[in-house]
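**Student:** Have a look at this one before I ask anything.
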Amino acid sequence: MEAKSAFKNFFNTLKILQLIKFNPEKGKIEFSSGRIAFLGEDTLTLFQNELEKIVGENYKVLAYTIGKKLGLNFWKCLEKNFNGKTSEEKIKLACKFVTYSGWGKHEVFLTKNQCTIRVYNSIISNSYKNKHFNSDKPTCHLHCGLLVKLVENAFGWEAEGKETKCASVESKYCEFIIFRKKLI
Ligand SMILES: [Zn+2]
Numbered sequence: 007m008e009a010k011s012a013f014k015n016f017f018n019t020l021k022i023l024q025l026i027k028f029n030p031e032k033g034k035i036e037f038s039s040g041r042i043a044f045l046g047e048d049t050l051t052l053f054q055n056e057l058e059k060i061v062g063e064n065y066k067v068l069a070y071t072i073g074k075k076l077g078l079n080f081w082k083c084l085e086k087n088f089n090g091k092t093s094e095e096k097i098k099l100a101c102k103f104v105t106y107s108g109w110g111k112h113e114v115f116l117t118k119n120q121c122t123i124r125v126y127n128s129i130i131s132n133s134y135k136n137k138h139f140n141s142d143k144p145t146c147h148l149h150c151g152l153l154v155k156l157v158e159n160a161f162g163w164e165a166e167g168k169e170t171k172c173a174s175v176e177s178k179y180c181e182f183i184i185f186r187k188k189l190i
């Protein structure tokens, strides 16, 4: 009950729930960033797993690119809540939102031109473990793209990211290092 209240309070503070329009007669749920629907973790993993079989290693780039688009949608949901906030406050708020949206518990560590984000119970790695997909390499490319876009928008610079630790591969958490792209 306490956890449920924390969730409701946080979303009410952000004025997120008010943006959702339920239209059961048409079977639609609409949000500020477009239509949304509930999808299970296994759908994400199965999609990624099958994609890898078809396009090989290129699936990483695809997942990362789609993740960035997803990150932009997350950002748009929050946009009105960023007024007057510093870059650090923005990325922490955005990561809290992603945490409360069920993507895993996010912790943010900042250094100059770099943002490290640790994620416990990340949705994709969790699914890989629970659904018995085996992986000997990091799996959370979609998640990485999502976080890169949040960092880009929070700091106003172009960024690149890589997953340096992944809970799919014997780590307690996934770790994403997101750094400012070097200007040529
Ligand atoms: Zn991972």
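In the working numbering, each number is its position in the sequence shown, counted from 1, plus 6. For every residue, glycine included, the Cβ atom is placed at its ideal position computed from N, Cα and C.
Tell me whether the beta-carbon of V157 lies closer than 8 Å to the beta-carbon of I97.
**Tutor:** The residue given as residue 157 occupies position 151 in the sequence shown. The residue given as residue 97 occupies position 91 in the sequence shown. Yes, the Cβ-Cβ distance between V157 and I97 is below 8 Å.
**Student:** So does C180 have its beta carbon nearer than 7 Å to some heavy atom of ligand 1?
**Tutor:** As a first step, residue 180 must be located in the sequence shown, where it is residue number 174. True, at least one ligand heavy atom lies under 7 Å from that Cβ.
**Student:** In this structure, how does DSSP classify V114 when only helix, strand and coil are distinguished?
**Tutor:** Along the sequence shown, read from residue 1 onward, the residue named residue 114 stands at position 108. If DSSP states are grouped into helix, strand and coil, V114 belongs with the strands.
**Student:** Does the distance from the C-beta atom of G6 to that of Y126 stay below 8 Å?
**Tutor:** For residue 6 there is no data in the structure shown, the boundaries of the chain being 7 and 190.
**Student:** Between which residues of its own chain and T122 is the CB-CB distance below 6 Å, once the five residues before and five after are set aside?
**Tutor:** Position 116 of the sequence shown, counting from 1, holds the residue named residue 122. These residues qualify, in order along the chain: F115 and I183.
**Student:** Using 8 Å as the cut-off, can you tell me whether the region 87-101 makes contact with the region 160-175, which would need three or more C-beta pairs spanning the two stretches below that distance?
**Tutor:** The region 87-101, when compared against the region 160-175, does touch it at the 8 Å Cβ threshold.
**Student:** Whole angstroms are fine: how far does the CA of K27 sit from the CA of P165?
**Tutor:** Your numbering for residue 165 matches position 159 in the sequence shown. Your numbering for residue 27 matches position 21 in the sequence shown. Going by the sequence as given, residue 165 is Ala instead of Pro. About 33 Å.
**Student:** Is C180 helix, strand or coil when you go by DSSP?
**Tutor:** Translated into positions along the sequence shown, residue 180 becomes position 174. Looking at C180 - three-state DSSP - the assignment turns out to be strand.
**Student:** Can you give me the start and stop residues for the beta strand (DSSP E) that N29 sits inside?
**Tutor:** Working through the sequence shown from its first residue, we reach residue 29 at position 23. Its beta strand (DSSP E) spans residues K27 to N29.
**Student:** Around the Cβ of V104, are there at least 16 other Cβ atoms within 10 angstroms (buried) or fewer (exposed)?
**Tutor:** Locating residue 104 in the sequence shown gives position 98, where the first residue counts as 1. Classification of V104: buried, given that the 10 Å Cβ count is 16 or more.
**Student:** Do you know offhand how far K86's Cα is from R41's?
**Tutor:** Against the sequence shown, residue 86 aligns to sequence position 80. Against the sequence shown, residue 41 aligns to sequence position 35. So the two alpha carbons sit approximately 19 Å from each other.
**Student:** Using three-state DSSP, classify F16 as helix, strand or coil.
**Tutor:** Taking the first residue of the sequence shown as position 1, residue 16 is located at position 10. Looking at F16 - three-state DSSP - the assignment turns out to be helix.
**Student:** Could you tell me if L76 is buried or exposed, where buried requires 16 or more neighbouring beta carbons within 10 angstroms of its beta carbon?
**Tutor:** As a working note, residue 76 is residue 70 in the sequence shown. So L76 counts as buried.
**Student:** Are the Cβ atoms of I129 and G108 separated by less than 8 Å?
**Tutor:** The residue labelled residue 129 in the question sits at position 123 within the sequence shown. The residue labelled residue 108 in the question sits at position 102 within the sequence shown. Going by C-beta atoms, I129 is nearer than 8 Å to G108.
**Student:** At which residues does the beta strand (DSSP E) containing Y126 begin and terminate?
**Tutor:** Counted from its first residue, the sequence shown places residue 126 at position 120. Looking at the DSSP string, the run of the beta strand (DSSP E) that includes Y126 is Q120 to Y126.
**Student:** From N136 to G62, what does the alpha carbon distance come to, in whole angstroms?
**Tutor:** Here residue 136 is taken as the residue at index 130 of the sequence shown, counted from 1. Here residue 62 is taken as the residue at index 56 of the sequence shown, counted from 1. When rounded, the distance between both Cα atoms is 23 Å.
**Student:** Would you check whether ligand 2 has a heavy atom nearer than 7 Å to the C-beta of C172?
**Tutor:** By its list of ligands, the structure shown excludes ligand 2, since it contains just ligand 1.
**Student:** What runs of the beta strand (DSSP E), each 3 residues or longer, lie entirely inside the region 140-181?
**Tutor:** Runs of the beta strand (DSSP E) inside the region 140-181: 165-171.
**Student:** Here's a check: name, in chain order, each residue in its chain whose Cβ is nearer than 7 Å to the Cβ of S177, leaving out the five neighbours to either side.
**Tutor:** For the purposes of this step, residue 177 is taken as the residue at position 171 of the sequence shown. Excluding sequence neighbours, S177 sits near K171.
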